[in-house]
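Q: Below you'll find the structure I mean.
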Amino acid sequence: MLVIRQLNKTYVNGIQALRDVSLELDCGIFGLLGPNGAGKSSLMRTLATLQAADSGFVHLNGVDVLNDPQQARGRLGYLPQDFGVYPNVSAEELLDQLAVFKGFTHRRQRRDLVAQQLALVNLYEQRKQKLGTFSGGMRQRFGIAQALLGATELVIVDEPTAGLDPMERIRFQNLLAEISRDRVLILSTHIVEDVADLCPQMAILHRGRIVRNGSPAVLTRSLRGKVWAKRLDLGEPVPTDLQVITSRMVQGARSLRVLSAAAPDADFEAVEPDLNDVYFTALLENIEAIAV
Amino acid sequence: MTLNLSTRPSAQAAIPKRSLFSGVFSAILRFEFLYHLRRPSFWLITGLFFTFGMVDVLSNGAQGNAFFFINSPSQIFQTTIWYSLFGVLAAAAFVAETFVRDANTRIESLILSTPLCKWDYLAARFMAAFGMTLLAFSGYLPGMVLGTQFPGLNDFALGPLRPLAYVLAYLIFALPNLFLVSALAFSLASRTRSLVMTYAGSIILIMLYLATLMLVGTEVIDYEQYRLWAMVDPFGFYAFEEKLMSWSVHEHNQLMPTLTGTLLWNRLLWLGLGVGIWIDSYRAYEMVGLRSARSFGRDKSGVVQRREQGEWRFVPAGAEHRAVDENPRKAALLQWLHRSGFETRSILTGRAFLLLTACGSISLVITAISSRSHNYSYPSTDLLVHSANLYLEYILFAIIVVYAAELFWRDRTLRLQLVFDATPVSNGVLLLSKLTALFAVITINLLLAIAVMVAYQALNGYTQFDLPLYFKMLFVEHGPYFYLTAVLALFTQVITRQKYAAMALTVLISLSKIPLDALGWYHNLYRWASTNDIEYSPMNGYGHLMTGHLWYVLYWGLCGTALMLTAYIFWPRGIVSGGWRGWQRVWRQAGAGVTRLLAGTLVLFAGVGSWIFYNTTQLNAYQPPGKELTAAEVERRFKQHEALPMPVVTATKLKVELYPQKRYFVAEGEYQLKNNTKIPIRELHLLTFINLELANVTYLGATLREAQPEWGYYMYDLDKPLLPGETQTLRFTTSTKQPQGFKNQVDTDDVYMIHPNDVVSNGTNLYSPFILPFVGYTKMVEHKKAWQRHKLDLPPLDERMLPHDDPRGLSQPMMLTHWIGGQWI
Ligand SMILES: Nc1ncnc2c1ncn2[C@@H]1O[C@H](COP(=O)(O)OP(=O)(O)OP(=O)(O)O)[C@@H](O)[C@H]1O
Ligand SMILES: [Mg+2]
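Respectively, the protein sequence lines represent chains A and B.
The first sequence begins at 1054 in the numbering used here and counts up one residue at a time.
The second sequence begins at 637 in the numbering used here and counts up one residue at a time.
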């Protein structure tokens, strides 16, 4: 159980990355959605004890993460959005090093653990290969392997599926579903479908603020009857008086989705809302709130 | 971050018209200049050279080195060459940084995929980086000129300001030397994309300089091969020195050195090599992100083509997933061992280290050969270590500073730091393992020195291998300095969190002895990692000097511990916010345990410091008035008695009792005094050397009229005058006090490490003027160089030498010299 209350963070350059973020997370995958620069990585780094918050508190199963980071580190696994490796060291060796850092000081135990962990992400055969020669996806899988090392109570993965091929992505998602049965797993991503498929709970972060929080199904259901769609021909102007959720080109024609309590006009038809609608309406409202 | 590419629409640039300095070229140049100007490193390094120049001039000027002008052309040339050695730091900070930067920030592939041409990319950036290197380095010029304008400099040490000397020195030495180190940095950095490799290359250049020093000879100069060796020196120092060897002081001060002979050839050789290296690297550079695995071996270990694609196999968390719950201290210990091994391996298996070790061994052999120049002796252990240390002091120092930076920054540049920081490993493990790796590097270098020296002895048929002495000299006498340097180098990285600033700071602190000397601040309590004067002698070993040394080592060791504890507290974990609040937060978060430990260390440090202070300023005088000062005072007070007739000593009997273990002596002496003058002598004056006690003076009918023991001057009235031609007997006892505790430095300004009146446990060396009284005032106290007399406020000597037949001269003895040397008990 992870409890986050009133978390605030302003960087020295004045950017306010987190504003009053409060969340309560149970075991299972928690999806974090948000546009670039929303503050997802900032939130995750704070949870991973890698940067201090200005105010607020974070409790992980009774451990005060912000004030007792050393305790918390023993219970979490973290995959940064952007990380590197020692180019001249093999996967096995670096993972071994990380296992030592996580407290596995017995050689035999560690050897088994490292082998198991590499097998977990399909890297066992390449365990002796130098990390500098890994492909982007292989390196990402190595990152996942290290994040899942040990008995973690909280796993934080920042855009873990970036760079995975479709096959590996599915395997990875299956793995996530499995390991999240007995621990909290926070996943950030830009792929809305991933969250819809995978996450029982989610939040949308925008400009440092939580603008939606709940289960994808409930959030989607709340839009039922409010989303209307229409196909515009080429050259036809996009109406300006409507709250446009998305307007995208689909096979040569413009497909418009708008938010409205009732049908805006006869050409629109009611459609079943999806998580994309939730995501975009959330950003929409927020932009307006800021504009006002 | 690197280039503003948006200003160049790629469509236009398809086949750009080639001119050497196109618009792109100047755009890149401008960007690079601005980039460097924004970095604190530039300002810090400029400041460093400015400080160098000024402080150096001030310290030389305040001391006044004989009649040499501190701003004579030859002096300016020498200092310029000497500084250009440190230009290596600037070249690495700008040139190497430029060519490693894009690979490290991974912007390389973005740039290389644009139609940018090689000339614009490489030449413009090299020009900018070299320009910055020159600019930062030139900080020494205003520093030096400003230094000579300071009030209070010794008049004898200051010549007229000659701008041409600065310009010529810059053109003949600064420019080619910096070009050479920059070209080398460009070559290595662009090929290897590794800063450490680049540093290794620069350190090897300095090794060449030191090798020349050794080959030319440190004590005795090898004139026959001089020209050859002078060509080996990349910085041209010895080629330049050749010109000065036959110069008088006056020529030193007046003449402008010329670019001829060996110097010209040396300059052409190394400038040519620099240009060659540059062109070769330019040609070899491939404008592709991933170079073919041509340059440095290809490693196929562990490469496996994937065969089957299995499901990711998840095994539910079992017992093996739980870290064994053991004593956290024991776990930390094991983690530290493991990580230290990893860090050390990462250094030892690096190409840079192999290169440094190989070249280091060669240099050590050369230093061993050079030790022959000391008295043409056998290659005895102490002489070899003495020579090796000259080399280690520069090279090992540089290696430590470079690897401290590398160890601290490697994980950060590789963007692996955050992964490590999220694990529960303690900051102490991370910090200490880096320190351990540095210590391992130092130890390996010292052991390498021993191995090379022993091999050299064996090859020369010298078989008295004294390994304990090797260890004592290298690890106990010289070692602490290096280990402490490692502590300092790591500490500055942690605290400044700026790579080059930290390196510069370490160099600055290590060189702070130079300005402290200038100020006359000699106490080792505030001279980083210094201990009392200590020298091994084959007869007496380290003798009593070791005691003080060990206390100082303990003192600095505690200081190092405090620095490491501070570094532990302020170790940057995760993304640290700067600013005062960030520091405060870290301090608050530090556990009570570590702050208490720090406080305890500081208390111990202060305690040991007080004990040293007590020994070096209370038990023993800190900076006792030296021989020169005392002599000057004797001259001022007692020169009035010079004209008094005094007897001469015609025979001396002496019985000296040495107490080697207690380090003092008592001498009972007897002089036969004869009146060689034409008038009766009515009073007798005795003058003793500093720190000598005179007692039991017996002379028939003499009564002490006045005694000034502080200056060693005693006056006796004679009841019965000593008539011309008459002889009398004088008996006396002289002695020194039994020394207590230890001293900060040896109290002599006489011959280096020869301690007047020092009785040691084996090999005491007593010199009669220092243990016997003079009869009457002696002109010996006045013998000083004119600039020294000026400094001591004494009038210039009006008569330098009496004619041979002057009766006054004939009536005075020249001096008393009887050596009493040898071994007792
Ligand atoms: N170290 C830092 N110093 C200053 N500002 C920062 C720092 N890191 C991030 N920011 C700023 O904080 C804001 C949030 O950044 P963050 O990286 O958390 O976003 P994100 O949601 O992860 O974005 P993305 O989807 O692009 O990864 C951004 O405006 C960013 O510019
Ligand atoms: Mg992010």
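Ideal Cβ positions, reconstructed from N, Cα and C, are used throughout, including at glycine.
1) Assign residue 1120 (chain A) to one of two classes, buried (16 or more other C-beta atoms within 10 Å of its C-beta) or exposed (fewer than that).
2) Quick check: residue 725 (chain B) and residue 1139 (chain B), are their CB atoms within less than 8 angstroms of each other?
3) To the nearest angstrom, how far is it from the Cα of residue 933 (chain B) to the Cα of residue 1122 (chain A)?
4) Would you tell me roughly how many angstroms separate the C-alpha atoms of residue 1082 (chain A) and residue 1241 (chain A), rounded to the nearest one?
5) Can you determine whether any heavy atom of ligand 1 sits closer than 7 angstroms to the C-beta of residue 1244 (chain A), and answer yes or no?
6) Could you work out which residues of chain B lie near residue 1136 (chain A), taking near to mean beta carbons separated by less than 8 angstroms?
7) Could you say which of B:1163, B:1350, B:1280, B:1428 lies nearest to residue 1264 (chain B) if we only look at CA atoms?
8) Taking a contact to mean a Cβ-Cβ separation below 8 angstroms, would you say residue 1205 (chain B) touches residue 1230 (chain B) in this structure?
9) I need the residues with a C-beta less than 7 angstroms from some heavy atom of ligand 2; please give them in chain order.
10) Please look up how many angstroms separate the CB atoms of residue 1234 (chain B) and residue 1201 (chain B), rounded, as I've assumed it's under 8 angstroms.
11) Taking the C-alpha atoms as reference points, what is the distance between residue 1317 (chain A) and residue 1138 (chain A)?
12) Show which residues of chain B have a CB atom less than 8 angstroms away from the CB atom of residue 1270 (chain A).
13) Within 8 angstroms of any Cβ in chain B, is that where the Cβ of residue 1154 (chain A) sits?
14) 8 angstroms is my cut-off, CB to CB: does residue 1235 (chain B) come that close to chain A?
15) Using a C-beta to C-beta distance shorter than 8 angstroms, which residues of chain B count as neighbours of residue 1139 (chain A)?
16) CB of residue 1216 (chain A) to nearest heavy atom of ligand 1: below 7 angstroms?
17) Taking the CB atoms as reference points, tell me whether residue 1062 (chain B) and residue 979 (chain B) lie closer together than 8 angstroms.
18) In this structure, how does DSSP classify residue 1294 (chain A) when only helix, strand and coil are distinguished?
19) Does chain B have any CB closer than 8 angstroms to the CB of residue 1057 (chain A)?
20) Return helix, strand or coil for residue 1101 (chain A), following the three-state DSSP convention.
21) What do you get for residue 639 (chain B), buried or exposed, if any count of 16 or more other CB atoms within 10 angstroms of its CB means buried?
22) Touch check for the region 750–761 of chain B and the region 834–853 of chain B: three-plus C-beta pairs under 8 angstroms?
23) Should residue 1367 (chain B) and residue 1418 (chain B) be called a contact, given that it needs their Cβ atoms to be closer than 8 angstroms?
24) Can you tell which of B:711, B:1143, B:997 has its C-alpha closest to the C-alpha of residue 879 (chain B)?
25) Does residue 1055 (chain A) pass the burial test, meaning 16 or more other C-beta atoms within 10 Å, or should it be called exposed?
26) Using only the alpha-carbon positions, how far apart do residue 1308 (chain B) and residue 1335 (chain B) sit?
27) Going by Cα to Cα distance, which pick from B:1094, B:1124, B:1083, B:1091 is closest to residue 1107 (chain B)?
28) Within this structure, are the beta carbons of residue 813 (chain B) and residue 723 (chain B) separated by less than 8 angstroms?
29) Counting pairs of Cβ atoms below 8 angstroms between the region 1233–1251 of chain A and the region 1204–1216 of chain A, do you hit three or more?
30) Can you pull the chain A neighbours of residue 970 (chain B), defined as C-beta to C-beta under 7 angstroms?
31) Count the other CB atoms, across all protein chains shown, that sit within 10 Å of the CB of residue 931 (chain B); report buried if there are 16 or more and exposed otherwise.
32) Between which residues of its own chain and residue 1351 (chain B) is the CB-CB distance below 7 angstroms, once the five residues before and five after are set aside?
33) Name the chain B residues whose beta carbon is nearer than 8 angstroms to that of residue 1103 (chain A)?
34) Can you name, in chain order, every residue of its own chain whose Cβ lies under 7 angstroms from the Cβ of residue 1087 (chain A), other than the five neighbours on each side?
35) Taking the alpha helix (DSSP H) that residue 1332 (chain B) falls in, what are its first and last residues?
36) Give me, in chain order, the residues of the same chain whose beta-carbon lies closer than 8 angstroms to that of residue 1344 (chain A); leave out the 5 immediate sequence neighbours on both sides.
A: So, from the data block:
1) The residue you call residue 1120 (chain A) lines up with position 67 of the first sequence. Exposed: under 16 other Cβ atoms inside 10 Å.
2) Position 89 of the second sequence, counting from 1, holds the residue named residue 725 (chain B). Position 503 of the second sequence, counting from 1, holds the residue named residue 1139 (chain B). Going by C-beta atoms, residue 725 (chain B) is nearer than 8 angstroms to residue 1139 (chain B).
3) One-based indexing of the second sequence puts residue 933 (chain B) at position 297. One-based indexing of the first sequence puts residue 1122 (chain A) at position 69. Note that residue 933 (chain B) scores 40 on pLDDT, short of 50, meaning its location in the model is unreliable; the coordinates nonetheless yield the value given after this. Looking at the two C-alpha atoms, the distance is approximately 43 angstroms.
4) Counting from one through the first sequence, the residue named residue 1082 (chain A) turns up at place 29. Counting from one through the first sequence, the residue named residue 1241 (chain A) turns up at place 188. Rounded to the nearest angstrom, the two C-alpha atoms are 10 angstroms apart.
5) Looking up residue 1244 (chain A) in the first sequence gives position 191. Residue 1244 (chain A): no, Cβ never under 7 angstroms from ligand 1.
6) Within the first sequence, residue 1136 (chain A) is the residue found at index 83, counting from 1. Going along chain B in sequence order, the residues near residue 1136 (chain A) (Cβ under 8 angstroms) are 1051, 1052, 1054, 1055.
7) Here the question's residue 1264 (chain B) lines up with position 628 in the second sequence. The option with the nearest alpha carbon to residue 1264 (chain B) is B:1428.
8) In the second sequence, counting from the first residue as 1, residue 1205 (chain B) sits at position 569. In the second sequence, counting from the first residue as 1, residue 1230 (chain B) sits at position 594. The answer is yes: Cβ separation under 8 angstroms.
9) The answer, residue by residue, is A:1093, A:1094, A:1134, A:1211, A:1212, A:1241.
10) By one-based count along the second sequence, residue 1234 (chain B) stands at place 598. By one-based count along the second sequence, residue 1201 (chain B) stands at place 565. Between residue 1201 (chain B) and residue 1234 (chain B) the Cβ distance is about 4 angstroms, and since that is below 8 angstroms, they are a contact.
11) Counting from 1 along the first sequence, the entry for residue 1317 (chain A) is found at position 264. Counting from 1 along the first sequence, the entry for residue 1138 (chain A) is found at position 85. Rounded to the nearest angstrom, the two C-alpha atoms are 54 angstroms apart.
12) Taking the first residue of the first sequence as 1, we reach residue 1270 (chain A) at position 217. Simply none; closest approach about 26 angstroms.
13) Position 101 of the first sequence, counted from the first residue, corresponds to residue 1154 (chain A). So, interface residue.
14) By one-based count along the second sequence, residue 1235 (chain B) stands at place 599. When Cβ-Cβ separations below 8 angstroms define contact, residue 1235 (chain B) makes no contact with chain A.
15) The residue labelled residue 1139 (chain A) in the question sits at position 86 within the first sequence. What residue 1139 (chain A) touches in chain B: 982, 1050, 1052.
16) For the purposes of this step, residue 1216 (chain A) is taken as residue 163 along the first sequence, with counting starting at 1. Result no, Cβ not under 7 angstroms from ligand 1.
17) Position 426 of the second sequence, counted from the first residue, corresponds to residue 1062 (chain B). Position 343 of the second sequence, counted from the first residue, corresponds to residue 979 (chain B). It is not a contact, given that the beta carbons lie outside the stated cut-off.
18) One-based indexing of the first sequence puts residue 1294 (chain A) at position 241. Coil at residue 1294 (chain A), not helix or strand.
19) One-based indexing of the first sequence puts residue 1057 (chain A) at position 4. So no, residue 1057 (chain A) is outside the interface.
20) Taking the first residue of the first sequence as position 1, residue 1101 (chain A) is located at position 48. Residue state, collapsed to three classes: coil.
21) Within the second sequence, numbered from 1, the residue matching residue 639 (chain B) stands at position 3. With a pLDDT of 42 at residue 639 (chain B), under the threshold of 50, the modelled position of this residue cannot be trusted, and the question is left open.
22) no
23) Taking the first residue of the second sequence as position 1, residue 1367 (chain B) is located at position 731. Taking the first residue of the second sequence as position 1, residue 1418 (chain B) is located at position 782. Against a cut-off of 8 angstroms, the Cβ pair of residue 1418 (chain B) and residue 1367 (chain B) comes out as no contact.
24) In the second sequence, residue 879 (chain B) corresponds to position 243, counting from 1. Comparing Cα-Cα distances from residue 879 (chain B) to each of B:711, B:1143, B:997, the minimum goes to B:711.
25) As a first step, residue 1055 (chain A) is located in the first sequence; it is residue number 2 there, counting from the start. A buried status is given to residue 1055 (chain A), since no fewer than 16 other beta-carbon atoms sit within 10 Å of its beta-carbon.
26) Within the second sequence, numbered from 1, the residue matching residue 1308 (chain B) stands at position 672. Within the second sequence, numbered from 1, the residue matching residue 1335 (chain B) stands at position 699. Near 11 angstroms, if we compare the C-alpha coordinates of residue 1335 (chain B) and residue 1308 (chain B).
27) On the second sequence, residue 1107 (chain B) is found 471 positions in, with the first residue counted as 1. Minimum Cα distance to residue 1107 (chain B) is reached at B:1083.
28) Looking up residue 813 (chain B) in the second sequence gives position 177. Looking up residue 723 (chain B) in the second sequence gives position 87. Yes.
29) With a cut-off of 8 angstroms, the region 1204–1216 of chain A and the region 1233–1251 of chain A count as touching, because enough Cβ pairs lie within range.
30) Position 334 of the second sequence holds residue 970 (chain B). Going along chain A in sequence order, the residues near residue 970 (chain B) (Cβ under 7 angstroms) are 1158.
31) In the second sequence, residue 931 (chain B) corresponds to position 295, counting from 1. Confidence is the limiting factor: at residue 931 (chain B) the pLDDT is only 38, short of 50, which leaves the residue's position unreliable and the question unanswerable from this model.
32) By one-based count along the second sequence, residue 1351 (chain B) stands at place 715. Around residue 1351 (chain B): 1319, 1321, 1341, 1342.
33) Counted from its first residue, the first sequence places residue 1103 (chain A) at position 50. Per Cβ cutoff of 8 angstroms: 1054, 1057, 1058, 1209, 1210, 1211.
34) Along the first sequence, read from residue 1 onward, the residue named residue 1087 (chain A) stands at position 34. Here the set comprises 1093, 1257, 1258, 1259.
35) Looking up residue 1332 (chain B) in the second sequence gives position 696. Segment 1329–1334 is the beta strand (DSSP E) holding residue 1332 (chain B); no alpha helix (DSSP H) there.
36) On the first sequence, position 291 is the one that residue 1344 (chain A) refers to. Here residue 1344 (chain A) scores only 44 on pLDDT, less than 50, and its place in the model should not be relied on; the value that follows carries that caveat. If we look at residue 1344 (chain A) and ignore the five residues flanking it on each side, it has no Cβ neighbours.
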